[in-house]
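S.K.:
Numbering (my numbering), first residue to last: 4 to 428.
1) Just tell me which of 140, 306 and 338 has its CA closest to the CA of residue 266.
2) So, using beta-carbon positions, are residue 170 and residue 344 closer together than 8 Å?
3) Is the beta carbon of residue 166 closer than 8 Å to that of residue 207?
4) So residue 274 packs on residue 256, CB below 8 Å; how close in whole Å?
5) In this structure, how does DSSP classify residue 396 when only helix, strand and coil are distinguished?
6) Using the rule of at least 16 other Cβ atoms within 10 Å of the residue's Cβ for burial, across every protein chain shown, is residue 105 buried or exposed?
7) Do residue 59 and residue 91 have their C-beta atoms closer together than 8 Å?
8) Residue ranges of each beta strand (DSSP E) run of no fewer than 3 residues wholly in the segment 123-155, ordered along the chain?
9) So is residue 381 buried or exposed if we call it buried at 16+ other beta carbons inside 10 Å?
10) What residues in its chain sit with their C-beta under 8 Å from that of residue 157, if we drop five residues either side in the sequence?
11) Given a cut-off of 8 Å, decide if residue 362 and residue 438 are closer than it, judged by their beta-carbon atoms.
12) Pull up the distance between the alpha-carbon of residue 126 and that of residue 209, whole angstroms please.
13) Mapping DSSP to helix, strand and coil, what is residue 3?
14) Near residue 202, what residues of its chain come up, given a Cβ to Cβ distance below 8 Å and the 5 sequence neighbours on each side ignored?
15) Taking all protein chains shown into account, decide if residue 177 is buried (16 or more other Cβ within 10 angstroms of its Cβ) or exposed.
16) To test your reading of the DSSP string, which unbroken alpha helix (DSSP H) runs of 4 or more residues are found completely within the segment 226-299?
17) My output table needs one value for residue 319: the three-state DSSP class, helix, strand or coil.
18) According to the Cβ coordinates, are residue 8 and residue 109 closer than 8 Å?
19) Report the start-end ranges of each beta strand (DSSP E) in the segment 315-398 that is 3 residues or longer and not cut off at the edges.
20) To the nearest whole angstrom, what separates the beta carbons of residue 120 and residue 234, a pair I think is in contact under 8 Å?
21) Grab me the residues of residue 32's own chain with a C-beta within less than 6 Å of its C-beta, minus the 5 sequence neighbours each way, in chain order.
22) Exposed or buried, residue 357, counting other C-beta atoms within 10 Å across all chains shown (16 or more means buried)?
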């Protein structure tokens, strides 16, 4: 019988330790997120700085990940947040959770700090650490392809799972995220990518052939129930809309009830002319393919391309969602899809959470309009916003201040009303 296995990776010493989770413990907590919370609250020392080597990073799958269970392919990341200094968790879809479990482990605990950049490889239960100096500084897409090809896999992200940080994580941007395969899945919230960067861990590659069905007591009964749920799910109007237009189907719906936040939540009523950033218009003009996470019949992912004009991203596909389109769109006064999609692509490649990025840009804009922040910036200025995305990721000039996030920025300039989050996030 298979059991729930955790791999502990001690980066300071370069050592590994396998740990089997007791069955009674698994029954107490729901999925990888619940189990990671249990470990984090017991193992991470109280009061430490998030970048202290004693902080830990828990990357856990769920017990149903990797089999036919619909929509169960999430990967959970738990740590002490770089953004607000308390417990946080962030999760992503894609295929990493599947390949992690196939590799022989259900969770990874990252401890300590490497002296030089490294990346972790797990193949069929055999872990190793490899030098990563040559990919330190690379954008997430490029680093992913290099890690795959170096380990004998095609670069299309379908034959192995990869997690990687970008320059934002390396430069300890407080809202840096972790990119997961396949294709721009992100655990963005809470600065989990910055914690990973503080440990000099560039990425993780997982692959294996473990049989994940051996634990099923009644496989035929399980499949019968699962298939019935799939039929009901794909027949529902909500999931049909999500498949057709992605999560950004919400843009027009929320706008219609006057609930779409704009101008850093300072605007009231309806924002004018959002059609160009709606799911319907983006679908008709920019979507080139749809995609789904592992074993998810909804397949809500919309892949776009901007092929011409001032905001084109030559040859690059852009994964987009409602939250990042709102945060980098109406939230900062942009209602033209092309600069919004370009910023989404840059954020994904540089390794930043698009929600916190958009909120930070919005706070900066309000502070500039108030005369508190010496920055030539106003709502709906795409060129300035795109320039700031680069500066934040590399902590250049004013970007160094913005890289601390919207809460610290608002407090620094004594304008707490410009912060629209909760508990510093």
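All residues carry an ideal CB built from backbone N, CA and C; glycine is no exception.
Treat the numbers as computed from the prediction; the structure is a model and nothing was measured.
M.R.: So, to answer that:
1) Checking every option, the nearest Cα to that of residue 266 belongs to 338.
2) Pairing residue 170 with residue 344 gives a Cβ-Cβ distance that is not under 8 Å.
3) Judged by their CB atoms, residue 207 and residue 166 are nearer to each other than the 8 Å cut-off.
4) Not really, about 14 Å apart at Cβ, beyond 8 Å.
5) Here residue 396 sits in helix by DSSP.
6) That one is buried.
7) When the beta-carbon positions are compared, residue 59 and residue 91 stay at least 8 Å from each other.
8) Taking only runs of at least 3 residues, the beta strand (DSSP E) segments lying wholly in the segment 123-155 are 129-134.
9) So residue 381 ends up on the exposed side.
10) If we look at residue 157 and ignore the five residues flanking it on each side, its Cβ neighbours are 151.
11) Residue 438 is absent from the model: the chain starts at 4 and stops at 428.
12) When rounded, the distance between both Cα atoms is 6 Å.
13) The displayed coordinates of the chain run from 4 to 428. Any statement about residue 3 would go beyond what the structure contains.
14) Excluding positions up to five away in sequence, the list reads 14, 56, 60, 113, 115, 116 and 117.
15) Result: buried.
16) Whole alpha helix (DSSP H) segments, 4+ residues: 240-248, 253-259 and 282-288.
17) If DSSP states are grouped into helix, strand and coil, residue 319 belongs with coil.
18) Against a cut-off of 8 Å, the Cβ pair of residue 109 and residue 8 comes out as a contact.
19) Those beta strand (DSSP E) runs which fall completely within the segment 315-398 and span 3+ residues are 321-323.
20) Contact check for residue 120 and residue 234: beta-carbon distance about 47 Å, past the 8 Å limit, so the pair fails to qualify.
21) Counting only residues of its own chain and dropping the five nearest sequence neighbours on each side, residue 32 has a CB closer than 6 Å to the CB of 38 and 41.
22) It counts as buried.
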